[in-house]
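Notes to accompany the following structure.
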Amino acid sequence: MESIESIKQLKARYFRFVDEKRHDELAALFTPDAKIVTDGIAFGSPADFAGTVRDFIGAAPTVHHGHMPEIEITAQDTASGIWAMEDLLTFPAGENAPKGHNGYGQYRETYRRVDGNWLIESLSLTRFRKDPLENWTPDSV
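Residue 1 is where the sequence shown starts when you use UniProt numbering, and the numbers rise one by one after that.
Next comes the structure, spelled out in structure tokens:
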């Protein structure tokens, strides 16, 4: 149970670091050789993934939630998990602004304990649905 709780806290930090724009700390939640795939796009390293998150969402407000974890300890230092997810991304209105969305999907992950700390060893995010959201004008909020 202690390992499962540690993995839940690891994933909570993942979501929080994305929303708080703490990209270096986000990258540190992964093993150095982690396999990361989101919506079919593979990343070369945790730093590449965190850099892409930084470059894509910038200062835009985001909300990321993980729900209903199914975590299985597969060996003393390995585990797997499935998380239901929801994300909300909105961007300031402007020329060439990305479109926002409210997304729903699932994370499938593996974890490895390294030096006593659980880290994400692989992450695969699949969104099942993306509802478009209007961009916003910061002055009107």
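Where a beta carbon is used, it is the ideal one built from N, C-alpha and C, also for glycine. Given the structure is predicted, the values throughout are model-derived calculations rather than measurements.
Leaving out the 5 sequence neighbours to the left and right, which residues in its chain are closer than 6 Å to Ser124 when beta-carbon positions are compared? If you number the sequence shown from 1, residue 124 lands on position 124. If we look at Ser124 and ignore the five residues flanking it on each side, its Cβ neighbours are Val37, Arg108.
Does the beta-carbon of Lys99 have 16 or more other beta-carbons within 10 angstroms, so that it is buried, or is it exposed? In the sequence shown, residue 99 corresponds to position 99, counting from 1. Classification of Lys99: exposed, given that the 10 Å Cβ count is below 16.
Check each candidate in Tyr104, Val114, Trp118, Gly116 and name the one with the smallest Cα separation from Lys130. Translated into the one-based positions of the sequence shown, residue 130 becomes position 130. That would be Tyr104, whose Cα lies nearest to the Cα of Lys130.
Leaving aside the five residues before and after Thr78 along the sequence, list all residues of the same chain whose C-beta is less than 6 Å from its C-beta, in chain order. Residue mapping note: residue 78 aligns to position 78 of the sequence shown, counting from 1. Correct list, in chain order: Arg112.
Does the distance from the CB of Ala59 to the CB of Pro46 come in under 8 Å? The residue labelled residue 59 in the question sits at position 59 within the sequence shown. The residue labelled residue 46 in the question sits at position 46 within the sequence shown. Their beta carbons are not under 8 Å apart, which means Ala59 does not touch Pro46 by this criterion.
Between Leu89 and the rest of its own chain, which residues show a CB-CB distance below 7 Å, the 5 nearest in sequence each way excluded? As a working note, residue 89 is residue 89 in the sequence shown. Taken in chain order, the residues that qualify are Ile57, Ala60, Thr62, Gly100, His101.
Determine whether the beta carbon atoms of Ile120 and Leu29 lie at a separation below 8 Å. Residue numbering aside, residue 120 sits at position 120 when the sequence shown is read from its first letter. Residue numbering aside, residue 29 sits at position 29 when the sequence shown is read from its first letter. Cβ distance < 8 Å, so Ile120 and Leu29 count as in contact.
Ala75 lies in the beta strand (DSSP E); which residues open and close that run? If you number the sequence shown from 1, residue 75 lands on position 75. That run of the beta strand (DSSP E) goes 62 to 75.
Please state the DSSP three-state secondary structure of Glu86. Position 86 of the sequence shown holds residue 86. Of the three classes helix, strand and coil, the one that applies to Glu86 here is strand, per DSSP.
In whole angstroms, give me the CA-to-CA distance for His67 and Thr126. Mapped onto the sequence shown, residue 67 falls at position 67. Mapped onto the sequence shown, residue 126 falls at position 126. Their backbone Cα atoms lie some 14 Å apart in a straight line.
Could you pull the start and end residues of the beta strand (DSSP E) that Ser122 belongs to? Mapped onto the sequence shown, residue 122 falls at position 122. Taken as a continuous stretch (DSSP letters only), the beta strand (DSSP E) holding Ser122 covers 117 to 133.
Sort out for me which residues DSSP pairs residue 143 with in a bridge. The structure shown has nothing for residue 143, since the chain only spans 1 to 141.
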